[in-house]
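Heads up, the sequence shown is in the numbering used here, so the first residue is 182 and it goes up one at a time. Glycine is no exception: its CB is placed at the ideal position from the N, C-alpha and C atoms. Structure, as structure tokens:
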Amino acid sequence: MLRLLARVLLRRAALLVCALALVSLTQSLLPGDGLRGALGPHATDEQRSALRHELWLDRPWPVRFGHWTACALTGDFGTTLRGAGVSEIVGAALPNTALLAGCALVLVGALAPVLGGWWALSKSRLLGPSTTLLIATPEFVVAVGLVLVFAIWLGWLPAASIGEPDPAALVLPIVALTAPQLAWNTAVAHAAVADQLRAPHAAASVRDGLTRSQVLARHVLPSALPTIAGSLGTTAGLLFSGALVVESVFNIPGLGQIITSAVAGRDENLVLGALAPAAALISLVLAVADIARSRV
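Okay, here's the thing in structure tokens:
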């Protein structure tokens with residue numbers, strides 16, 4: 182078990198570092214100079230050179246990324262081009278993104294196996310087209326549609342979060358984020374359950390007098406759990422990335438706004454500092470899913 186845990190964690194950690202390195206390299210290759218925007222048009226070349234040296238921007242990319250990684254391991258994500266602490270900015274925004282993605286993940290994890298099992302037992306023709314439509318619809322489109330119907334037309338819920346997010350303002354963002362991933366995981370659960378229902382041991386259990394619901398609970402769902410767990414692990418990453426999009430629609434002060442402004446301002450430290458915690462959480466969830474899939 183310990184060897185499996187170490188192998189999975191090392192693999193996920195290596196992928197995390199590679200992903201952050203790719204982001205850093207891409208950010209360094211983008212055109213434009215963020216220092217001009219940070220210092221203003223009247224800054225002298227000496228001032229820009231001094232700040233560039235202070236932030237390690239005058240070093241080669243491998244040296245700069247290695248220095249940032251070493252500092253990040255101690256919890257220090259550096260400073261922005263404007264001198265603010267990246268850790269403080271990210272720490273204020275991360276709970277909003279984590280709340281949004283976490284609520285969506287709980288809903289998907291709770292509802293998808295139930296809906297998938299019911300779909301396999303009832304052989305409903307309604308869920309097939311519904312899940313296909315939702316899977317093909319991006320979170321942005323779902324979010325805009327929900328705003329138009331429930332916020333503007335019916336006026337039941339607020340369309341945006343201003344300042345501190347209240348529970349009512351989080352309903353539409355969570356639904357917009359949950360719907361496409363719930364549809365996908367329901368389809369995965371349905372396929373896994375339907376496949377297990379066709380297995381010989383399931384048919385034998387029915388002949389022994391168990392109802393289909395009992396067979397589902399005792400034999401089918403436990404056998405289908407590795408497939409469902411693997412899908413949920415992937416879903417965790419998609420929910421975090423989708424949350425960044427949904428935040429922009431509903432004006433939620435989360436990591437999405439930070440990353441958007443940081444990329445536009447060519448602020449490499451802020452981009453990496455905002456992505457690192459989210460990527461680390463995604464890697465951890467994927468590691469747990471890998472272990473669950475291997476042990477179940």
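State the CB to CB distance for the pair residue i and residue j, rounded to an integer number of angstroms; the pair is presumed to be in contact (CB under 8 Å).
i	j	result
Ala357	Ala324	4 Å
Leu302	Leu397	6 Å
Ile463	Phe421	6 Å
Ala424	Ala282	5 Å
Ala445	Ala200	Not confirmed; about 21 Å, so no contact.
Leu406	Leu292	Wrong, their Cβ atoms sit about 16 Å apart, outside the cutoff.
Val289	Thr416	6 Å
Val328	Ala340	5 Å
Glu320	Val427	5 Å
Does the beta-carbon distance from residue i to residue j come in below 8 Å?
i	j	result
Asn159	Ser412	This structure cannot settle anything about residue 159, because the visible part of the chain is limited to 182 through 477.
Arg193	Ala370	no
Gly433	Leu185	Here the sequence assigns Ile to residue 433, which means Gly is not the residue at that position. No, these two residues do not count as a Cβ contact at 8 Å.
Thr278	Gly435	yes
Ala350	Ile316	no
Leu335	Leu353	no
Leu216	Leu262	yes
Leu286	Leu296	no
Arg233	Asp226	no
Ile439	Val271	yes
Leu196	Pro458	no
Compare the Cα-Cα distances from residue i to each of the options and report the closest residue.
i	options	result
Ser404	Ala350, Val426 and Ala372	Ala372
Leu314	Pro361, Val287, Val289 and Arg233	Pro361
Leu402	Gly213, Thr415, Trp299 and Pro348	Trp299
Val244	Leu206, Glu320 and Thr416	Leu206
Pro241	Val374, Leu210, Ala265 and Leu288	Leu210
Gly213	Ala443, Pro458 and Leu465	Ala443
Leu259	Arg188, Leu236, Ala274 and Val189	The amino acid occupying residue 259 in the given sequence is Gly; Leu does not appear at that position. Among Arg188, Leu236, Ala274 and Val189, the Cα nearest to that of Gly259 belongs to Leu236.
Lys304	Leu378, Leu275, Pro276 and Thr318	Leu378
Gly130	Leu465, Pro381 and Gln438	In this structure the chain extends from 182 to 477, so residue 130 is not present and cannot be described.
Val374	Gly437, Glu269, Pro294 and Val330	Pro294
Does the distance between the C-beta of residue i and the nearest non-hydrogen atom of the ligand FAD fall short of 7 Å?
i	result
Ser464	The ligand content of the structure shown is nil, which means the ligand FAD is not present either.
The stretch 439-455 contacting the stretch 243-263, beta-carbon criterion three pairs below 8 Å: yes
Ranges of the alpha helix (DSSP H) found wholly within the stretch 201-249, counting only runs of at least 4: 215-220 and 226-235
Runs of alpha helix (DSSP H) wholly within the stretch 429-472 (minimum 4 residues, chain order): 436-445
Length at least 4, wholly inside the stretch 297-349: the alpha helix (DSSP H) runs in chain order: 308-316 and 320-327
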